[in-house]
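Following: one structure in structure tokens, then a few remarks.
Residue numbers (UniProt numbering): 1 to 81.
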């Protein structure tokens, strides 16, 4: 999953040392790591740059199979997915 996020070089870093966008990507990944059938996300792409937003959505689309994903967002294009 670190490869999917583009964070393998940050594997041994503490979360607090990551940028805001990297922390957001990490928190979304953590929601999927546990293997739960229901994942609830509150504005997962809030406050991130367009590249990070796209990588978060790639992660959501890849790992949503077999799960129910409930999310809130202010972006109408995200609400359609």
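Don't be surprised by glycine CBs; every beta carbon is placed ideally from N, CA and C.
Next item on the list: Determine the burial state of residue 56: buried for a count of at least 16 other Cβ atoms within 10 Å of its Cβ, exposed for fewer.
Entry: buried
Margin query: Would residue 86 and residue 59 be called neighbours here (beta carbons separated by less than 8 Å)?
Written below: Lying outside 1 to 81, the shown extent of the chain, residue 86 is not represented and no answer is given.
Item checked: the ligand COA heavy atom lying under 7 Å from the CB of residue 40 -> This structure does not include the ligand COA; it has no bound ligands of any sort.
Check: Would you call the CB atoms of residue 37 and residue 67 closer than 8 Å?
Finding: yes
Notebook entry, point to check: Among 26, 41, 75, which residue has its Cα nearest to the Cα of residue 5?
Noted result: 26
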